[in-house]
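Colleague: Protein chains in written order, with this note's numbering: chain A, 1 to 575; chain B, 1001 to 1328.
Pasting in a structure now, in structure tokens, and then I'll have a few things to ask.
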Amino acid sequence: MRMRVAAAAALVLVVSAACSKTTEEGEEVDQTRTATGVIATDPKDSLGPAAEVPGATKGGTFTVIRENKISHLDPQRVYSFAGLMNAPLYARSLTAFKDDGKGNLTLVGDLAETPGTNVNKDCKVWEYKVKDGVKFEDGTPITSKEIAYGIARSFDPDLTGGPTYVQEWLADTADYDTKWNFKANKASLPPGLSTPDAKTIKFEFTKPRCDLPFALSLPSSAPLPPAKDTGVNLDNQPFSSGPYKITKHTPGVELVMERNEHWDPKTDPVRHQYPEKFVWKFGPDPDAAANQVIADTGDAAAGLAFNGVPSALVSRVEGDAALKGRTITSPTPSAWRLTINTQHVTDLAVRQALNYAIDRQGFITVYGGTTVASPLTTLMPPATIGYKEYDAYPAGPTGNPEKAKELLAGKTPELVLGIGDDVPELGTQLKTNLEKAGFKITVKTIPADAKLDETKKKDNPWDIWLDQWAADWPSGAAILPVLFDGRSIKAEGNSNTSYFNNDAINAEFDRVLALDPSAQAAEWSKIDERIMKEQAPAVPLFVEVAYYLHGSKAGGIFISSVFGYPAFVNAYVKQ
Amino acid sequence: MVRFLIKRLLSVSLTLFAVSVVSFLMFFALPRDPVTGMCPKNCNAERLERVRQELGLNDPKVEQYAAYMKGIFVGRDLGSAQGGKCEAPCLGYSYVNSEAVTDTLGRVLPVTLSIVIPAAILWLLLGVGLGMLSALRRGTLIDRLAIGFSLTGASMQLYFVGALLLLIFTYQLKIVPVPHYTSILDNPLDWASGLVLAWIALAFLFSAIYARLARAQMLETLSEDFVRTARAKGLAKRTVYGRHALRAAITPLVTIAGLDVGAALGGTVITETTFGIQGLGRTAVYAVRGGDLPMIMATVLIAAVFVVIANLVVDLLYAAIDPRVRLS
Chain A
1 MRMRVAAAAA
11 LVLVVSAACS
21 KTTEEGEEVD
31 QTRTATGVIA
41 TDPKDSLGPA
51 AEVPGATKGG
61 TFTVIRENKI
71 SHLDPQRVYS
81 FAGLMNAPLY
91 ARSLTAFKDD
101 GKGNLTLVGD
111 LAETPGTNVN
121 KDCKVWEYKV
131 KDGVKFEDGT
141 PITSKEIAYG
151 IARSFDPDLT
161 GGPTYVQEWL
171 ADTADYDTKW
181 NFKANKASLP
191 PGLSTPDAKT
201 IKFEFTKPRC
211 DLPFALSLPS
221 SAPLPPAKDT
231 GVNLDNQPFS
241 SGPYKITKHT
251 PGVELVMERN
261 EHWDPKTDPV
271 RHQYPEKFVW
281 KFGPDPDAAA
291 NQVIADTGDA
301 AAGLAFNGVP
311 SALVSRVEGD
321 AALKGRTITS
331 PTPSAWRLTI
341 NTQHVTDLAV
351 RQALNYAIDR
361 QGFITVYGGT
371 TVASPLTTLM
381 PPATIGYKEY
391 DAYPAGPTGN
401 PEKAKELLAG
411 KTPELVLGIG
421 DDVPELGTQL
431 KTNLEKAGFK
441 ITVKTIPADA
451 KLDETKKKDN
461 PWDIWLDQWA
471 ADWPSGAAIL
481 PVLFDGRSIK
491 AEGNSNTSYF
501 NNDAINAEFD
511 RVLALDPSAQ
521 AAEWSKIDER
531 IMKEQAPAVP
541 LFVEVAYYLH
551 GSKAGGIFIS
561 SVFGYPAFVN
571 AYVKQ
Chain B
1001 MVRFLIKRLL
1011 SVSLTLFAVS
1021 VVSFLMFFAL
1031 PRDPVTGMCP
1041 KNCNAERLER
1051 VRQELGLNDP
1061 KVEQYAAYMK
1071 GIFVGRDLGS
1081 AQGGKCEAPC
1091 LGYSYVNSEA
1101 VTDTLGRVLP
1111 VTLSIVIPAA
1121 ILWLLLGVGL
1131 GMLSALRRGT
1141 LIDRLAIGFS
1151 LTGASMQLYF
1161 VGALLLLIFT
1171 YQLKIVPVPH
1181 YTSILDNPLD
1191 WASGLVLAWI
1201 ALAFLFSAIY
1211 ARLARAQMLE
1221 TLSEDFVRTA
1231 RAKGLAKRTV
1241 YGRHALRAAI
1251 TPLVTIAGLD
1261 VGAALGGTVI
1271 TETTFGIQGL
1281 GRTAVYAVRG
1291 GDLPMIMATV
1301 LIAAVFVVIA
1311 NLVVDLLYAA
1321 IDPRVRLS
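Next comes the structure, spelled out in structure tokens:
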């Protein structure tokens, strides 16, 4: 008997979802928005059509204005935020998130009938059944063979840029392309991937891979018929399996997508096909794009400025009721923290004192204000499934220097703050803030281009620095073990930049990662709180807030609860 | 004339060869490793080395340069990672745009040409015309207005004038569409309406400078002996000014115009950025920002070609304008 994910019941994981409110004055940002996550257990949840969007009308052209081209369109190579938001229009994956834009997420089957069957309940064997009636843009049916081929081609080292989770898990090594050579074996499949029949696709791993249903929601699991594979050239003209197909693409200038008549809404639980066309126009810088949308004429009236509202225009938009009514704002999953190098700062009291001392309000003011950032006291952002709010070091919005001094017990720790040379003002703010609490801070600037690489080196010279993390899916598994599992520390290229290694916490990671995904969420929240209370390897600072402006005829846009960028699956043009 | 042309063409070839060598060496001298663009998230040293080998980046530099030049003249096979066969003139493959560099250039060059050539015609007509008029009407209201115009234009920046034009004509009055590029072959009216603000902005700034130069040149020429002689011979004003004075006065302007147009064709970065149009200049800037080395090399080469050709044209025009100049 096939066992479904979360066999017992759909698990509503977090409950304090308070949604953003749309008012006459526009959408007010709800700083406490959290993710309520469900992994669908009933196959009906994965059926289409998606619920109608109130007020949505069919027809028209929806325009998205952006400065730069989308880095990749080939589904196996899509990994940028613009690409991830655009790809669902023309590429379907095995699973997908049903997202109401208010934090309520349900992982459902997209091309698959369900989010996956954990065959032996050990996360080592997963099976997916392909829906009936799913088709490519030329009307040919999509079977497990084309989906498997799509995954297989992501092993091709020529096809750079995309996520590598599934390849690494199948090959059980980061050097997956050395384990299986796609070009030499195009007629076969990578080890662990099989298609017993045209409806079934099977993944077999040597280790538990409980996050597979999440990883398969990325466009890299999109199907492709081998005959349509044009290698690197597919990047400019992908073959559609979604509600739109690419009819014209001039890289860096324009991308035109028109309705795919072979897409059947009855098979699709997340997408609509309201506009006649979607057009991305590339070129205008963020100010010019926002000005076009503010002017509300021509294409921009039914459009969105994808680069957001530049800070220079925020006060104008905020001060004009008509413009504010056309804004969308929401916290995103992109979380910032002050990383503490635990190799250098070994005294827990010092790390805790940093947490008490931090003036989040002051920091956010210097960063750009509450329209772009919302304070955070947890390691996982509120957009994570299973998120539970807590504050391990309650010190109020501006910090508690006295409490920090008390912990320091007369010591004046000397810390070197590494700061990108593009944000010196943040360094000055932190120095002033922390020195009030008794720290002695030496600010050393790092070239912005090199900062990420340099801080990822184990032997870097800094004690504290700013870090940012946005997970590929809203699960604690994509955040906490990645950032704090000490066994993954290497000489260079670390994500665990606190260089934190604690056996008890590592054991907890192993325990939770082996659980069924539906059972993991609440556990991640517990670990989050435990890490902060017992170890304090970082100071959580804020999550970025998305702030977008659309034209008066654009409707149905919401901020993706997964990625924190505007989603287009519900978009429509007001007629 | 033929000898002159041969000599100049040889010199042009030598200049372009030097530029090609320098831009090719730049590929290796820049701090960014061209291979990193080919590597996925978890790239390691072995993988980098493997990619480097596949791309032929471990071959001797002379061989690599020869292959690059061969690509320009007869095309070459770049391998599956770089889109396969690349037809001449092949300038490599852009990982950022996921296409052959020549495909990108083929798209952005007409944009830059469409901005620069009409704008240059406008600024030359307006600038030289105004400068001449100002010189011939020295001390009058027209002269003062022309000086005022040129001072205003010369003291402004394109990003300010451009933003002002956009604000007034596109966002407020809404009588000019948002700047964009349409091929003149597809829709001449749309082509013109999409670029008219860029032409006006460029023409305003450049014509101001040309008006001042033209005025000064004309005044200087009018005080020369041959003009006085022409007048003394009883020639009509029109002939004196139009046939004798203007030709002599315009020669230095041609030199400057040639350099300006050549440089502008190499990339009108600020104009393209201000108006959000993707031409050669912006492509070059994005290439630098994105570490797109083949594209950087190609844009440097193209810009050099424009400047060198513009200089050659200027030399030829000298002889046509001023009979005193002999091409030898």
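All residues carry an ideal CB built from backbone N, CA and C; glycine is no exception.
Between the Cα of glycine 1162 (chain B) and the Cα atoms of B:Leu1025, B:Ile1277 and B:Glu1046, which residue gives the shortest distance?
Modeller: Your numbering for residue 1162 (chain B) matches position 162 in the second sequence. When each option's Cα is compared against that of glycine 1162 (chain B), the closest is B:Ile1277.
Colleague: Closest to glutamate 544 (chain A) by CA distance: which of A:Val232, A:Ala477 and A:Trp336 is it?
Modeller: Counting from one through the first sequence, the residue named residue 544 (chain A) turns up at place 544. Minimum Cα distance to glutamate 544 (chain A) is reached at A:Trp336.
Colleague: Need the endpoints of the beta strand (DSSP E) that aspartate 99 (chain A) sits in, please.
Modeller: Translated into the one-based positions of the first sequence, residue 99 (chain A) becomes position 99. Here the beta strand (DSSP E) through aspartate 99 (chain A) covers 95 to 99.
Colleague: Please state whether the Cβ-Cβ distance between leucine 417 (chain A) and alanine 349 (chain A) is less than 8 Å.
Modeller: As a working mapping, residue 417 (chain A) is identified with position 417 in the first sequence. As a working mapping, residue 349 (chain A) is identified with position 349 in the first sequence. It is not a contact, given that the beta carbons lie outside the stated cut-off.
Colleague: Return the chain-ordered ranges of every beta strand (DSSP E) run that is complete within the segment 161 to 226 of chain A and spans a minimum of 3 residues.
Modeller: Counting only runs of 3 or more, we get 193 to 197 and 200 to 204.
Colleague: Do you know how far the Cα of glutamine 76 (chain A) is from the Cα of alanine 1088 (chain B)?
Modeller: Position 88 of the second sequence, counted from the first residue, corresponds to residue 1088 (chain B). Position 76 of the first sequence, counted from the first residue, corresponds to residue 76 (chain A). Separation of alanine 1088 (chain B) and glutamine 76 (chain A) (C-alpha to C-alpha, rounded to the nearest whole angstrom) is 30 Å.
Colleague: Take phenylalanine 1204 (chain B) and list the residues in its own chain whose beta-carbon comes closer than 7 Å to its own, dropping the five residues that flank it on each side.
Modeller: The residue given as residue 1204 (chain B) occupies position 204 in the second sequence. Answer for phenylalanine 1204 (chain B): Gly1153 and Val1161, listed in chain order.
Colleague: For glutamate 25 (chain A), I'd like the list of residues in its chain whose CB is within less than 7 Å of its CB, leaving aside the five on either flank, ordered along the chain.
Modeller: Taking the first residue of the first sequence as position 1, residue 25 (chain A) is located at position 25. Caution applies to glutamate 25 (chain A), whose pLDDT of 40 falls short of 50 and renders its modelled position unreliable; the value that the coordinates give is listed next. Cβ within range, chain order: Ala321, Lys324 and Gly325.
Colleague: How many Å lie between glutamine 343 (chain A) and alanine 409 (chain A) at the Cα?
Modeller: Against the first sequence, residue 343 (chain A) aligns to sequence position 343. Against the first sequence, residue 409 (chain A) aligns to sequence position 409. Whole-angstrom Cα-Cα distance: 21 Å.
Colleague: Is the beta carbon of isoleucine 419 (chain A) sitting closer than 8 Å to the one on valine 443 (chain A)?
Modeller: By one-based count along the first sequence, residue 419 (chain A) stands at place 419. By one-based count along the first sequence, residue 443 (chain A) stands at place 443. The answer is yes: Cβ separation under 8 Å.
Colleague: Along the segment 396 to 418 of chain A, where does the CB come closer than 8 Å to a CB of chain B? Name the residues.
Modeller: none
Colleague: Are at least three pairs of beta-carbons, each pair with one atom in the segment 74 to 92 of chain A and one in the segment 157 to 166 of chain A, less than 8 Å apart?
Modeller: yes
Colleague: Since threonine 378 (chain A) meets chain B, which of its residues come closer than 7 Å, beta carbon to beta carbon?
Modeller: By 1-based counting over the first sequence, the position of residue 378 (chain A) is 378. At a beta-carbon threshold of 7 Å, none of the residues of chain B lie near threonine 378 (chain A); the nearest stands roughly 25 Å away.
Colleague: By how many angstroms is the C-alpha of methionine 1069 (chain B) removed from the C-alpha of glutamate 1099 (chain B)?
Modeller: As a first step, residue 1099 (chain B) must be located in the second sequence, where it is residue number 99. As a first step, residue 1069 (chain B) must be located in the second sequence, where it is residue number 69. Roughly 19 Å separates the two Cα atoms.
Colleague: Going by DSSP in three states, serine 1094 (chain B) sits in which element: helix, strand or coil?
Modeller: Counted from its first residue, the second sequence places residue 1094 (chain B) at position 94. DSSP places serine 1094 (chain B) in strand when its eight states are reduced to three.
Colleague: Taking a Cβ distance cut-off of 9 Å, strictly less, list which residues of the segment 274 to 300 of chain A are near chain B, in chain order.
Modeller: Those residues of the segment 274 to 300 of chain A that come within reach of chain B (Cβ to Cβ, closer than 9 Å) are Lys281, Phe282, Gly283, Pro284, Asp285, Asp287, Ala288, Ala289, Asn291, Gln292, Ile294, Ala295, Thr297, Gly298, Asp299 and Ala300.
Colleague: Reducing DSSP to helix, strand and coil, say where asparagine 494 (chain A) ends up.
Modeller: Taking the first residue of the first sequence as 1, we reach residue 494 (chain A) at position 494. It is coil, neither helix nor strand.
Colleague: Select from A:Pro381, A:Thr143 and A:Ser334 the residue whose C-alpha is nearest the C-alpha of alanine 546 (chain A).
Modeller: Residue numbering aside, residue 546 (chain A) sits at position 546 when the first sequence is read from its first letter. Minimum Cα distance to alanine 546 (chain A) is reached at A:Ser334.
Colleague: In terms of DSSP beta bridges, what is histidine 550 (chain A) paired with?
Modeller: Sequence index remark: in the first sequence, residue 550 (chain A) carries index 550 (1-based). The beta-bridge partner set that DSSP reports for histidine 550 (chain A) consists of A:Leu304.
Colleague: In or out: proline 461 (chain A) buried (at least 16 other Cβ within 10 Å) or exposed?
Modeller: Indexing the first sequence from 1 puts residue 461 (chain A) at position 461. Looking at its Cβ environment, which holds fewer than 16 other Cβ atoms inside 10 Å, proline 461 (chain A) is exposed.
Colleague: Alpha carbon to alpha carbon, what distance is there between phenylalanine 542 (chain A) and threonine 377 (chain A)?
Modeller: Stepping through the first sequence from its first residue, residue 377 (chain A) is reached at position 377. Stepping through the first sequence from its first residue, residue 542 (chain A) is reached at position 542. Near 8 Å, if we compare the C-alpha coordinates of phenylalanine 542 (chain A) and threonine 377 (chain A).
Colleague: Looking at the C-beta of tyrosine 1159 (chain B), does it have a partner C-beta in chain A at a distance below 8 Å?
Modeller: As a working note, residue 1159 (chain B) is residue 159 in the second sequence. No, tyrosine 1159 (chain B) does not count as interfacial toward chain A.
Colleague: Might you give, ordered along the chain, the residues of its own chain that have their beta carbon closer than 6 Å to the beta carbon of tyrosine 356 (chain A), omitting 5 neighbours on each side?
Modeller: Translated into positions along the first sequence, residue 356 (chain A) becomes position 356. Within the same chain, tyrosine 356 (chain A) has close Cβ partners Tyr393, Ala395, Asn400, Lys403 and Ala404.
Colleague: Compute the Euclidean distance between the alpha carbons of lysine 440 (chain A) and glycine 308 (chain A), then round it to the nearest angstrom.
Modeller: The residue you call residue 440 (chain A) lines up with position 440 of the first sequence. The residue you call residue 308 (chain A) lines up with position 308 of the first sequence. Lysine 440 (chain A) and glycine 308 (chain A): Cα-Cα distance of roughly 38 Å.
Colleague: What's the C-alpha gap between lysine 574 (chain A) and threonine 57 (chain A)?
Modeller: Numbered from its first residue, the first sequence carries residue 574 (chain A) at position 574. Numbered from its first residue, the first sequence carries residue 57 (chain A) at position 57. Lysine 574 (chain A) and threonine 57 (chain A): Cα-Cα distance of roughly 6 Å.
Colleague: Starting from lysine 277 (chain A) and walking both ways along the beta strand (DSSP E), at which residues does that stretch end?
Modeller: Taking the first sequence and counting its residues from 1, the one referred to as residue 277 (chain A) is at position 277. That run of the beta strand (DSSP E) goes 277 to 282.
Colleague: Report the rounded CA-to-CA distance for alanine 96 (chain A) versus threonine 250 (chain A), giving the unit in angstroms.
Modeller: By one-based count along the first sequence, residue 96 (chain A) stands at place 96. By one-based count along the first sequence, residue 250 (chain A) stands at place 250. About 28 Å.
Colleague: Shorter than 8 Å from the beta carbon of glycine 1281 (chain B) to some beta carbon of chain A?
Modeller: Taking the first residue of the second sequence as position 1, residue 1281 (chain B) is located at position 281. So, not an interface residue.
Colleague: Taking Cβ positions only, does histidine 72 (chain A) come closer than 8 Å to chain B?
Modeller: Along the first sequence, read from residue 1 onward, the residue named residue 72 (chain A) stands at position 72. For histidine 72 (chain A), the answer is yes, since a Cβ of chain B falls inside 8 Å of its Cβ.
Colleague: Would a check of beta-carbon distances place proline 1177 (chain B) closer than 8 Å to chain C?
Modeller: The structure shown contains no chain C; its protein chains are A and B.
Colleague: Enumerate in chain order the residues of its own chain whose CB-to-CB distance from valine 1101 (chain B) is below 6 Å, with the five nearest sequence positions on each side excluded.
Modeller: Along the second sequence, read from residue 1 onward, the residue named residue 1101 (chain B) stands at position 101. Apart from sequence neighbours up to five positions away, the residues of its chain that approach valine 1101 (chain B) with a beta-carbon distance below 6 Å are Leu1091, Gly1092, Ser1094, Pro1294, Met1295 and Ala1298, ordered along the chain.
Colleague: Is it right to say proline 517 (chain A) is buried, meaning 16 or more other beta carbons lie within 10 angstroms of its own, or is it exposed?
Modeller: Locating residue 517 (chain A) in the first sequence gives position 517, where the first residue counts as 1. Classification for proline 517 (chain A): buried.
Colleague: Strictly below 7 Å CB to CB, what residues from chain B border aspartate 453 (chain A)?
Modeller: On the first sequence, position 453 is the one that residue 453 (chain A) refers to. None at all; the shortest Cβ gap to chain B is about 10 Å.
Colleague: Would glycine 551 (chain A) and glycine 303 (chain A) be called neighbours here (beta carbons separated by less than 8 Å)?
Modeller: Your numbering for residue 551 (chain A) matches position 551 in the first sequence. Your numbering for residue 303 (chain A) matches position 303 in the first sequence. Contact: yes.
Colleague: Output yes or no for whether 8 Å exceeds the beta carbon distance between valine 108 (chain A) and alanine 51 (chain A).
Modeller: What you label residue 108 (chain A) is simply residue 108 of the first sequence in a count that begins at 1. What you label residue 51 (chain A) is simply residue 51 of the first sequence in a count that begins at 1. The answer is no: Cβ separation not under 8 Å.
Colleague: Using a Cβ cut-off of 7 Å, which residues of the segment 235 to 262 of chain A contact any Cβ in chain B, in chain order?
Modeller: Asp235, Asn236, Thr250, Pro251, Gly252 and Val253
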